[in-house]
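K.L.:
These protein sequence lines map, in sequence, to chains A and B. Position 101 of the first sequence, counting from 1, maps to 101 under the numbering used here, and the rest follow consecutively. Position 39 of the second sequence, counting from 1, maps to 320 under the numbering used here, and the rest follow consecutively. Glycine is no exception: its CB is placed at the ideal position from the N, C-alpha and C atoms. Below you'll find the structure I mean.
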Amino acid sequence: MEKTLRKYFPLFALPALICFTISFLIPMVWGAVLSFCEFSTITNASFVGFENYIKAFTIDNYFTSAFWFTLAFAVVTVITINVFAFALALLLTKGIPGTNIFRTIFFMPNLIGGIVLGWIWQMILNGFLAYYEKTLLSDASYGFWGLVILMNWQNVGYMMVIYIAAIQNIPSDMLEAASIDGADGRTTLFRIVIPAVMPSITICLFLTTTNGFKLYDQNLALTNGAPNHGTEMLALNIFNTFYSRVGFEGVGQAKAVIFTILVAAIALAQLYITRRKEVES
Amino acid sequence: MAAVASKNTRWIIFLILIAVAALVIAPILIVLMNSFKGNIFISGGGAFRMPDETSFVGIANYVNGIERIGFFSAFAYSLWITIASVFFILLLTSMLAWYITRVKGAVTSIIYYLLVFSMIVPFQMVMFPMSKFANMLHIDNLLGIIILYVGFGCGMSTFMFSGFIKGIPLALEEAAMIDGANPVTTFFRVVLPMLKSTAITIAILETMWVWNDYLMPYLVIGTEYRTIPVAIQYLRGGYGSVDMGAMMAMLVFAMIPVIVFYLACQKHIIKGVLAGAVKG
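Next up, the structure:
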């Protein structure tokens with residue numbers, strides 16, 4: 001069969017591969033090359049070595065501050081989202097009436113797009129801050145915590161669904177054995193439930209980390225980096241480097257390469273940890 | 282599973298869940314409420330007040346918003362791009378996945394790893410060269426953007442399809458081929474029907490992505506054709522203040538299709554998300 005099928009490469013594989021080449025492969029390689037060039041349109045590039053990479057950190061300190069902002073944001077959201085999601089998952093696996101309806105409601109915000117979410121929360125947070133005669137743009141910390149609230153609202157339900165599935169998969173005899181042995185709720189939680197759902201915790205930790213690092217739409221719609229780049233995250237900083245000034249496209253591309261390496265490193269760390277766990281178990 | 286909690290604890294849990302549900306729903310209801318209020322009654326401290334005689338403007342915000350951003354054409358563009366992209370992603374990547382899973386060799390494994398690699402790379406890496414390249418190839422239009430979405434959706438979709446195909450016994454396909462079916466008939470008659478549940482999962486994940494995507498349509502076709510997210514962001518305009526009344530009305534319109542879609546295929550969506558999270 002393999003032999004016959006091999007001849008059908010143009011029909012089965014080629015259409016998707018052409019699309020993949022146009023939209024990903026060529027731009028990816030081109031982008032990597034352009035990060036070492038100075039250009040304003042992609043056809044007039046001249047080689048400048050590592051200049052763009054140096055400029056990424058030296059023309060201003062916005063890229064560095066965007067990195068710290070993004071890192072802080074990722075750390076805070078990873079902790080808050082997962083704690084809330086796990087707590088809700090525990091509450092929703094206790095056989096309370098209406099469990100399915102609650103699950104449906106809690107998951108819903110996840111489907112709303114980032115731009116729409118950003119504007120919803122801009123209105124609400126500004127509504128609250130107006131009582132104190134402030135706005136989201138009064139101080140960068142308002143934008144930071146605003147984004148944290150938004151991200152929790154959007155993602156807690158999603159992670160909760162993953163945790164619920166994991167908790168429901170715990171064999172009931174394990175829990176019965178624990179309760180016969182006289183384990184209280186706390187012991188059961190820390191000795192049985194959490195170890196049993198560890199693979200899901202790993203998945204959720206990485207999902208929230210990557211979501212935090214790659215965040216763009218919500219950042220754009222909520223504060224657009226204001227005040228004075230104080231709430232600009234990495235993805236938004238890269239976009240602004242490309243498109244808000246002419247002549248800095250090479251620097252933008254260099255930043256994009258650094259960003260890609262950062263995101264890929266997180267993904268590889270996840271792969272490494274999941275593989276090791278699989279070998280152990 | 283867990284031991285049945287006492288009656289009091291169950292009541293407390295129930296009340297907590299009600300409170301959380303209120304927190305989840307409230308922002309949406311506040312947007313809905315404000316969509317009937319005049320611009321100045323939304324910002325500046327009045328965001329949580331019910332509409333009254335002075336602030337109520339009827340459907341003026343909706344009329345204004347629809348006109349300003351061309352909501353119905355935005356809706357049509359979003360709908361077309363989503364349906365066409367998801368259809369072609371499903372068709373072309375299921376074929377690709379079958380091919381690279383069944384034909385072993387250096388080429389197919391290189392393709393596989395490139396596709397997996399593309400899932401990791403953030404959009405910012407390729408956005409500038411891609412939008413310029415799309416412009417050079419004259420695919421920066423409502424048809425061409427489908428090619429770009431197929432290319433970008435390729436990674437996850439092929440990965441998930443081939444994960445499933447690996448588990449299908451070869452015997453079925455071989456039997457069909459021995460009976461004289463060519464690979465095309467074998468694929469469409471034997472393989473494709475078995476991929477149905479995976480295809481639904483992938484369709485949901487890709488639909489959520491394409492429908493809500495902002496940067497790609499903004500960069501590639503944004504000046505001529507605005508999809509819903511691009512149109513919403515467009516209301517911000519240059520510097521100057523945003524018409525929050527029209528914004529609220531358009532947010533309501535943007536959320537309606539999503540909520541309808543969610544309520545209609547809730548079971549599949551949650552299943553799809555679970556499968557996607559575990560695989561990704």
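Can you pull the DSSP bridge partners for B/F337?
P.N.:
Taking the second sequence and counting its residues from 1, one reaches residue 337 of chain B at position 56. According to DSSP, B/F337 bridges with B/K318.
K.L.:
Using CA coordinates, which residue listed in A/A177, A/K255, A/V161, A/K7 is at the minimum distance from B/A558?
P.N.:
Walking along the second sequence from the start, residue 558 of chain B turns up at place 277. Checked all of A/A177, A/K255, A/V161, A/K7; the closest Cα to B/A558 is A/V161.
K.L.:
Below 7 Å on C-beta distance, what does A/K214 contact in chain B?
P.N.:
On the first sequence, residue 214 of chain A is found 214 positions in, with the first residue counted as 1. Ordered by position in chain B, the residues that pass the 7 Å Cβ test against A/K214 are P403.
K.L.:
Taking B/S316 and B/M529 to be in contact with their CB atoms under 8 Å, please state how far apart those CB atoms are, rounded to whole angstroms.
P.N.:
Here residue 316 of chain B is taken as the residue at index 35 of the second sequence, counted from 1. Here residue 529 of chain B is taken as the residue at index 248 of the second sequence, counted from 1. Correct: roughly 4 Å between the Cβ atoms.
K.L.:
For B/M489, count neighbouring Cβ atoms within 10 angstroms of its own Cβ and tell me buried if that reaches 16, exposed if not.
P.N.:
As a position in the second sequence, residue 489 of chain B is number 208, starting the count at 1. Looking at its Cβ environment, which holds 16 or more other Cβ atoms inside 10 Å, B/M489 is buried.
K.L.:
Step through the CB atoms of chain A and report whether any lies within less than 8 Å of the CB of B/R507.
P.N.:
If you number the second sequence from 1, residue 507 of chain B lands on position 226. Not closer than 8 Å to any Cβ of chain A, the Cβ of B/R507 fails to qualify, so no.
K.L.:
Please determine, among A/F50, A/E38, A/Y163, A/M123, the residue with the shortest C-alpha to C-alpha distance to B/I551.
P.N.:
Start at 1 with the first residue of the second sequence, and residue 551 of chain B comes out as number 270. Comparing Cα-Cα distances from B/I551 to each of A/F50, A/E38, A/Y163, A/M123, the minimum goes to A/Y163.
K.L.:
Find the residues of chain B that neighbour A/E249, judging by a C-beta separation of less than 7 Å, and give them in chain order.
P.N.:
Counting from one through the first sequence, the residue named residue 249 of chain A turns up at place 249. What A/E249 touches in chain B: F409.
K.L.:
Within 8 Å of any Cβ in chain B, is that where the Cβ of A/V263 sits?
P.N.:
Along the first sequence, one-based indexing puts residue 263 of chain A at 263. Yes, A/V263 lies at the interface with chain B (some Cβ there is under 8 Å from its Cβ).
K.L.:
For B/V541 and chain A, any beta-carbon pair shorter than 8 Å?
P.N.:
Start at 1 with the first residue of the second sequence, and residue 541 of chain B comes out as number 260. Output row for B/V541: interface = no.
K.L.:
Taking 8 Å as the threshold (beta carbon to beta carbon), is A/I115 in contact with chain C?
P.N.:
Absence of chain C from the displayed structure is noted, the protein chains being A and B.
K.L.:
Helix, strand or coil for B/C546? Go by DSSP, reduced to three states.
P.N.:
Numbered from 1 along the second sequence, position 265 holds the residue referred to as residue 546 of chain B. The answer is coil: DSSP assigns B/C546 none of H, G, I, E or B.
K.L.:
Considering A/I59, what are the terminal residues of the alpha helix (DSSP H) in which it resides?
P.N.:
Within the first sequence, residue 59 of chain A is the residue found at index 59, counting from 1. Note, A/I59: premise wrong, no alpha helix (DSSP H); not H, not E.
K.L.:
For A/E51, which three-state DSSP category applies?
P.N.:
Your numbering for residue 51 of chain A matches position 51 in the first sequence. In this structure, A/E51 counts as helix in the three-state DSSP scheme.
K.L.:
The stretch 213-242 of chain A: which residues have C-beta closer than 9 Å to a C-beta of chain B, in chain order?
P.N.:
The stretch 213-242 of chain A vs chain B, Cβ under 9 Å: F213, K214, Y216, D217, L220, A221, N224, L234, A235, I238, F239, F242.
K.L.:
Within the 8 Å Cβ cut-off, does A/G49 reach chain B?
P.N.:
To locate residue 49 of chain A, count along the first sequence from 1; it is residue 49. False, the Cβ-Cβ gap to chain B never drops below 8 Å.
K.L.:
Does any residue of chain A have a CB that is nearer than 8 Å to the CB of B/A527?
P.N.:
Within the second sequence, residue 527 of chain B is the residue found at index 246, counting from 1. Cβ-Cβ to chain A under 8 Å: no for B/A527.
K.L.:
Beta carbon of A/P227, beta carbon of A/L125: below 8 Å?
P.N.:
Mapped onto the first sequence, residue 227 of chain A falls at position 227. Mapped onto the first sequence, residue 125 of chain A falls at position 125. No; because the gap between Cβ atoms is not below 8 Å, this pair is not in contact.
K.L.:
Considering Cα atoms alone, identify which of B/I392, B/I311, B/L496, B/L544 is closest to B/M411.
P.N.:
Residue 411 of chain B sits at position 130 when you count from the first residue of the second sequence. B/M411 has its Cα closest to that of B/L496, out of B/I392, B/I311, B/L496, B/L544.
K.L.:
Keeping to the same chain, check which residues put their C-beta closer than 7 Å to that of B/A378; ignore five residues upstream and five downstream.
P.N.:
Numbered from its first residue, the second sequence carries residue 378 of chain B at position 97. So the list reads T439, F442, S443, I446, once near-sequence residues are dropped.
K.L.:
Return the first residue and the last residue of the alpha helix (DSSP H) that A/N237 is part of.
P.N.:
Position 237 of the first sequence, counted from the start, is the residue given in the question as residue 237 of chain A. Looking at the DSSP string, the run of the alpha helix (DSSP H) that includes A/N237 is 234-243.
K.L.:
Closest Cβ-Cβ distance between B/P510 and chain A: below 8 Å?
P.N.:
Against the second sequence, residue 510 of chain B aligns to sequence position 229. Output row for B/P510: interface = yes.
K.L.:
With a threshold of 8 Å between beta carbons, is B/A284 in contact with chain A?
P.N.:
Locating residue 284 of chain B in the second sequence gives position 3, where the first residue counts as 1. Any answer about B/A284 is weak, because its pLDDT of 48 lies below 50 and its placement is not dependable; what the coordinates show is given next. Interface residue, yes.
K.L.:
Express the C-alpha separation of A/I266 and A/F213 in angstroms, rounding to a whole number.
P.N.:
As a working mapping, residue 213 of chain A is identified with position 213 in the first sequence. As a working mapping, residue 266 of chain A is identified with position 266 in the first sequence. Between A/F213 and A/I266, the C-alpha separation is close to 10 Å.
K.L.:
In chain order, which continuous runs of the alpha helix (DSSP H) of length 4 or greater are located wholly inside the stretch 356-430 of chain B?
P.N.:
DSSP runs (the alpha helix (DSSP H)) wholly in the stretch 356-430 of chain B: 387-401, 404-417.
K.L.:
Taking just the CA atoms, how far does A/I203 sit from A/A66?
P.N.:
To locate residue 66 of chain A, count along the first sequence from 1; it is residue 66. To locate residue 203 of chain A, count along the first sequence from 1; it is residue 203. About 25 Å.
K.L.:
Could you tell me which chain B residues have their CB closer than 7 Å to the CB of A/M28, listed as they occur along the chain?
P.N.:
The sequence position of residue 28 of chain A within the first sequence is 28, counting from 1. Under the 7 Å cutoff, chain B gives V402, M406, V407.
K.L.:
Looking only at its own chain, which residues have a Cβ that is under 6 Å from the Cβ of B/I294, when we skip the five neighbours before and after it?
P.N.:
Taking the first residue of the second sequence as position 1, residue 294 of chain B is located at position 13. Within the same chain, B/I294 has no close Cβ partners at all.
K.L.:
With B/M525 and B/I323 assumed to form a contact (beta carbons below 8 Å), what rounded beta-carbon distance in angstroms separates them?
P.N.:
Looking up residue 525 of chain B in the second sequence gives position 244. Looking up residue 323 of chain B in the second sequence gives position 42. About 4 Å; that satisfies the 8 Å criterion.
K.L.:
With A/G157 as the anchor, note down where its alpha helix (DSSP H) starts and where it stops.
P.N.:
Residue mapping note: residue 157 of chain A aligns to position 157 of the first sequence, counting from 1. 140-168 is the extent of the alpha helix (DSSP H) around A/G157.
K.L.:
Quick one: measure Cβ to Cβ for B/F409 and A/E249, integer angstroms, because I've assumed they're closer than 8 Å.
P.N.:
Counting from 1 along the second sequence, the entry for residue 409 of chain B is found at position 128. Counting from 1 along the first sequence, the entry for residue 249 of chain A is found at position 249. So it is a contact: roughly 6 Å between Cβ atoms.
K.L.:
Mind checking who A/C37 pairs with in its DSSP beta bridge?
P.N.:
The residue given as residue 37 of chain A occupies position 37 in the first sequence. Looking at the DSSP assignment, A/C37 forms a beta bridge with A/F47.
K.L.:
Measure the CB-CB distance between A/M151 and A/T77 and report whether it falls below 8 Å.
P.N.:
Sequence index remark: in the first sequence, residue 151 of chain A carries index 151 (1-based). Sequence index remark: in the first sequence, residue 77 of chain A carries index 77 (1-based). Yes, they are a contact pair.
K.L.:
Measure from the C-beta of A/I79 to each C-beta in chain B and report whether the shortest distance is under 8 Å.
P.N.:
Translated into positions along the first sequence, residue 79 of chain A becomes position 79. Judged by the 8 Å Cβ criterion, A/I79 is not in contact with chain B.
K.L.:
Between B/A387 and chain A, is any beta-carbon pair separated by less than 8 Å?
P.N.:
Numbered from 1 along the second sequence, position 106 holds the residue referred to as residue 387 of chain B. Not one chain A Cβ lies under 8 Å of B/A387.
K.L.:
For B/V388 and B/V541, I'd like the C-alpha separation in whole angstroms.
P.N.:
On the second sequence, residue 388 of chain B is found 107 positions in, with the first residue counted as 1. On the second sequence, residue 541 of chain B is found 260 positions in, with the first residue counted as 1. If I take the Cα positions, the gap works out to 43 Å.
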